[in-house]
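S.K.: Residue numbers (the working numbering): 409 to 936. Even for Gly, the Cβ is constructed at its ideal location relative to N, Cα and C. Right, I'll just put the structure down here and ask away after.
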Amino acid sequence: MEGEEQHETLTLTSEEREKDDPMSDSDDSDDSDDEAQQNIQLESLQTQLTDNPSNYDAHLQCINILRKTADVDRLTKARELMSQIFPLTPTIWQQWIKDELSLNTASSPEAFSRVVQLYERATFDYLSASLWCDYLHFVQEFDPMVHQCSPAGISKARDLFERALTAAGLHVAQGTQIWEAYRLYEQAILLTIHESDGQAKEKQVQQIRSLFHRQLSIPLADMNSTLIAYKSWEVELGNFHDVSIDPIDSYPHVASAYQKALEMYNARIHLEEQISSQDISDSERLQQYMNYLKFEQSSGTPARIQVLYERAITDFPLSPELWLDYTRYLDKTLKVGKIVSNVYSRATKNCPWVGELWVRFMLSLERGHASEKDLAEIFEKSLCCTFPTLDEYLDLFLTRVDGLRRRITFTRGGDPLEYKTIRDTFERASNYLSPYMKNTNDLLHLHAYWAHLETKLGKDITAARGVWESFLKTCGSMLEAWTGYIAMELELGHINEARSIYKRCYSKRFFGTGSENHSGHLQLMVTL
């Protein structure tokens, strides 16, 4: 009974406490109101994204609201959707990974693999030394082989560190973070080697020394601190008992490389200060980046130039000028390769409204002997974008046709299905552009090119005539359209057909005042 009385007393006390607490119902009501408000906001944002999937701010707001809820699946889907359309900033990726780790300890192989994939995608989108450091620390902590310093684990970790150095090791302001993390890892390995294994210990010492030497040859912030750390490390090893001996003097090539790197760093200090200044506008800072890039291109190495471009696009991802400049540089230096196609992929995601980026993306893929499937995919993606001028749409169609033409021309025994792709592309271009470019030279040149390829590649004169006849139905008031048609027939030696087309011109009214010099055409007509 005492237990029941106690339970009853506790129950009553709890009920009384809820009644006495005026905030209890209010808190529940507030939570309910907040949830309702969030749902309304989410519905509105979903509508916006349905109407315009490229609404960056709507994606971001949707993710921020979902982070406040417990709906993990919807949050993940929202992030995946945004990632399909845009490269994500390092901050967004770090939030995503943080949320993933809060749900899983990453101790299971599945959870570990998911986080690794997120880090791989994150380091692909933009350059971030801190993100690379997070990735490296994560692998060291949660990868069993790496954590246990097994031979396979050490090899795996070193490969990842070297990738990080390739990506961010030349970052003047932040590259030191990667180098220091790498050295700390190698020094931790040294501590695991037993004193009796002198050979292994010496090999590991050389590994650390090599890292110091490599870093000291690169212009980075805090170079003097790195030099002091190196000297202290050598002294701690007991290699230099005489304090008057400078360890770096024992390696003349290192001393020379360090001095050169220091001079390079000093030459860049003012440029680094300008791009990191908070007292100037974004347009001024972008211009400072462009000035820095010109300096590097005149005196730097391709790898250093590329890192600076990556830093610039991380700060200014929506600058067409910057992406165009970056891709032009890569086209000129690397020309082909995965690096170039990756940059174009990010460029067209960030600035999908710039037709030139899509055109050059397709040309880059063609130079790299990409498959027809890949080329067609990029072309179709480009047509889903909105460009400011019709000329950009025309350039895309012509670039696609040119690529297909080259493939047929340089492939012995061209596939007729492949030529059909050219014809289909011309038809799509004509259907799309004709209503907006009626009676223009650009539309005329498109159809003239189409008719030319029908005769040369398609070997179908009937189809070529069909192209001209179709064009004349909508643009028959252009004298150039008729002369183009006649020129094709004459080139093929079809005199009677050319004469017939001339006769059809007699009753036509053409653009102009009547004062234009068409004597050449008249003379030819008389001759025929």
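Which runs of the alpha helix (DSSP H), 4 residues or longer, sit entirely within the region 460-515?
M.R.: Within the region 460-515, the complete alpha helix (DSSP H) runs of at least 4 residues are 464-475, 480-493, 498-511.
S.K.: Looking at the secondary structure, which residues open and close the alpha helix (DSSP H) in which residue 785 lies?
M.R.: It spans 780-791 - the alpha helix (DSSP H) in which residue 785 sits, taken as one unbroken run.
S.K.: Pull up the CB-CB distance for residue 952 and residue 833, whole angstroms please, since I reckon it's below 8 angstroms.
M.R.: Here the chain covers residues 409 to 936 and nothing more, so residue 952 does not appear.
S.K.: Find out if the Cβ-Cβ distance for the pair residue 625, residue 666 is shorter than 8 angstroms.
M.R.: Contact: yes.
S.K.: Less than 8 angstroms between C-beta atoms, sequence neighbours within five positions excluded: which residues of the same chain meet that for residue 868?
M.R.: 862.
S.K.: Report yes if the CB atom of residue 550 is closer than 8 angstroms to the CB atom of residue 520, and no otherwise.
M.R.: In this structure, residue 520 lies closer than 8 angstroms to residue 550 by Cβ.
S.K.: Roughly how many whole angstroms lie between the Cα atoms of residue 925 and residue 679?
M.R.: In this predicted model, residue 925 has a pLDDT of only 48, less than 50, meaning its place in the structure is not dependable enough to derive any value.
S.K.: Does DSSP put residue 902 in a helix, in a strand, or in coil?
M.R.: Three-state DSSP puts residue 902 in coil, outside helix and strand.
S.K.: Using a Cβ-Cβ cutoff of less than 8 angstroms, which residues in the same chain neighbour residue 670 once the five nearest sequence positions on both sides are dropped?
M.R.: Result list for residue 670: 627, 631, in chain order.
S.K.: Where are the alpha helix (DSSP H) runs, 4 residues long or more, that stay fully inside the region 511-579, in chain order?
M.R.: Here the runs fully enclosed are 517-533, 537-550, 552-555, 559-576.
S.K.: Spatial neighbours of residue 888 within its chain, please: CB distance less than 8 angstroms, with the 5 preceding and 5 following residues excluded, ordered by chain position.
M.R.: Cβ neighbours of residue 888 beyond the five flanking positions: 849, 852.
S.K.: Put residue 689 into one of helix, strand or coil per three-state DSSP.
M.R.: Coil at residue 689, not helix or strand.
S.K.: Using the Cα positions of residue 779 and residue 714, report the straight-line distance between them to the nearest angstrom.
M.R.: Looking at the two C-alpha atoms, the distance is approximately 27 angstroms.
S.K.: Is residue 597 helix, strand or coil when you go by DSSP?
M.R.: Residue 597: helix per DSSP, three-state reduction.
S.K.: Where does the unbroken alpha helix (DSSP H) through residue 717 begin, and where does it stop?
M.R.: Looking at the DSSP string, the run of the alpha helix (DSSP H) that includes residue 717 is 710-723.
S.K.: Please name the residue, chosen from 739, 510, 501, that lies closest to residue 539 on a Cα-to-Cα basis.
M.R.: With distances taken between Cα atoms, residue 539 lies closest to 501.
S.K.: Looking at the structure shown, is residue 662 part of a helix, part of a strand, or coil, going by DSSP?
M.R.: Helix at residue 662.
S.K.: Measure the C-alpha to C-alpha separation of residue 451 and residue 730 and round it to an integer number of angstroms.
M.R.: So the two alpha carbons sit approximately 36 angstroms from each other.
S.K.: Identify whether residue 944 lies in helix, strand or coil by the three-state DSSP scheme.
M.R.: For residue 944 there is no data in the structure shown, the boundaries of the chain being 409 and 936.
S.K.: Rounded C-beta distance between residue 616 and residue 598? I'm assuming under 8 angstroms.
M.R.: With a Cβ gap of about 7 angstroms, residue 616 and residue 598 count as contacting.
S.K.: Tell me where the alpha helix (DSSP H) around residue 741 begins and ends.
M.R.: From DSSP, the alpha helix (DSSP H) with residue 741 extends over 728-741.
S.K.: Does residue 916 come out as helix, strand or coil in the three-state DSSP assignment?
M.R.: Note: residue 916 maps to coil in three-state DSSP.
S.K.: State the DSSP-derived secondary structure class of residue 759, mapped to helix, strand or coil.
M.R.: In this structure, residue 759 counts as coil in the three-state DSSP scheme.
S.K.: Would you call residue 769 buried or exposed, if buried means 16 or more other Cβ atoms sit within 10 Å of its Cβ?
M.R.: The residue is buried, with at least 16 neighbouring Cβ atoms inside 10 Å.
S.K.: Check each candidate in 802, 812, 460, 747 and name the one with the smallest Cα separation from residue 774.
M.R.: Comparing Cα-Cα distances from residue 774 to each of 802, 812, 460, 747, the minimum goes to 812.
S.K.: Report, in whole angstroms, the separation of the C-beta atoms of residue 535 and residue 711, which I expect to be a contact under 8 angstroms.
M.R.: Contact doesn't hold; Cβ gap of about 13 angstroms is too wide.
S.K.: Have a look at 872, 847, 819, 842 and flag the residue whose alpha-carbon is nearest the alpha-carbon of residue 856.
M.R.: Residue 872 is the option with its Cα nearest to residue 856.
S.K.: How big is the Cα-Cα spacing for residue 916 and residue 757?
M.R.: Roughly 48 angstroms separates the two Cα atoms.
S.K.: Below 8 angstroms, can you find three or more Cβ-Cβ pairs linking the region 724-740 to the region 676-695?
M.R.: Segments in contact, yes.
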